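The next block holds one structure in the form of structure tokens; read it before the comments.
Numbering (the numbering used here), first residue to last: -19 to 54.
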């Protein structure tokens, strides 16, 4: 269970980081006057941000399960 939780945490962090990177790319594209590229980068950012949100929900749920298991074994 803890290994699964760690994998979820890593996936969540990776999705968050990717979202931030795409936001940076969108800003850079805007600075260069490439509005179409900026829009595409923001679409990708949203995709990663949505994925991060779903992973965070799973992670929170799993943390609750782990806490329940730990408290029940005491």
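Think of the CB as a built atom: it goes at the ideal place given N, C-alpha and C, for glycine as much as any other residue. Values in this document were obtained by computation on a predicted structure and should not be read as measured data.
query: By DSSP, does residue 12 sit in helix, in strand, or in coil?; result: coil
query: Could you tell me which of 27, 38, 40 sits nearest to residue -4, measuring between CA atoms?; result: 27
query: Nearest-angstrom Cα distance between residue -17 and residue 14?; result: 43 angstroms
query: According to DSSP, is residue 24 helix, strand or coil?; result: helix
query: For residue 25, which residues from the same chain have a beta carbon less than 7 angstroms from its beta carbon, with the 5 sequence-adjacent residues on both sides left out?; result: -1, 2, 3, 6
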